[in-house]
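Here is the structure we will look at, set down as structure tokens.
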């Protein structure tokens, strides 16, 4: 079975889990947790640099997944949703740290130390992050898109992805690097003056 067909089957199963979770199916939530908790934790740890805090943020992320189960679009990869939410919650940890260490504020983007936006503004920023990420990923060439999703959303190693796709590890590295660059350029090209969490998002992760 070719990799494209496998990807379609996996997406169909995930879509079903998201739909079932919206119907309060805890087992569907548990399957999504089992699939994504390791890569999400790894992404959080990249930012907060503290295993204990990373674990706390991870719990908050999946609590948010359950609390927002009625709002999540089953036609979009839930990995993308988790990716953005984990980033935003990690930034909240950094904000708290900066407030406790005021002397280091000048070293960070002003957005990190800004006061919390109201709920409506947060939701607007979140939706824009999701929109930009999905748009940027969707227009990638098929192989780059596949490598990006496997590495970033599913947290697979480059070696694992190379074996799965039948390509070299170096090719995986090259595709991922090119995908990261394309995503940055996509965001910066469309929002050149938007110095916010979205720009920080692609800068820190990609």
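In the working numbering, the protein residues as written are 391 to 596. All C-beta atoms, glycine included, are put in the ideal place defined by N, C-alpha and C.
By a beta-carbon distance limit of 8 Å, residue 475 contacts residue 451. Their separation comes to about 5 Å. Across the structure, residue 514 and residue 549 are spaced so that their CA atoms are roughly 37 Å apart.
The alpha-carbon of residue 459 is positioned some 15 Å away from that of residue 449. With a cutoff of 8 Å on beta-carbon distance, residue 467 and residue 539 are scored as near each other.
Less than 8 Å divides the Cβ of residue 537 from the Cβ of residue 565. In this model, residue 520 and residue 471 are separated by some 7 Å (Cα to Cα).
Of all alpha-carbon atoms in 579, 580, 544, 555, the one lying nearest the alpha-carbon of residue 429 is that of 544.
Distance between residue 482 and residue 425, taken at the CA atoms: about 25 Å. Per DSSP, the continuous alpha helix (DSSP H) segment holding residue 433 begins and ends at 416–438.
Restricting attention to 433, 532, 464, the CA atom closest to the CA of residue 402 is found in 464. A residue is called buried once 16 or more other Cβ atoms fall within 10 Å of its Cβ, and residue 480 is buried on that count.
Annotated three-state conformation of residue 413 is coil, per DSSP.
In terms of Cβ geometry, residue 530 and residue 569 form a close pair [threshold 8 Å].
Residue 527 sits away from residue 557, with the two beta carbons spaced by 8 Å or more.
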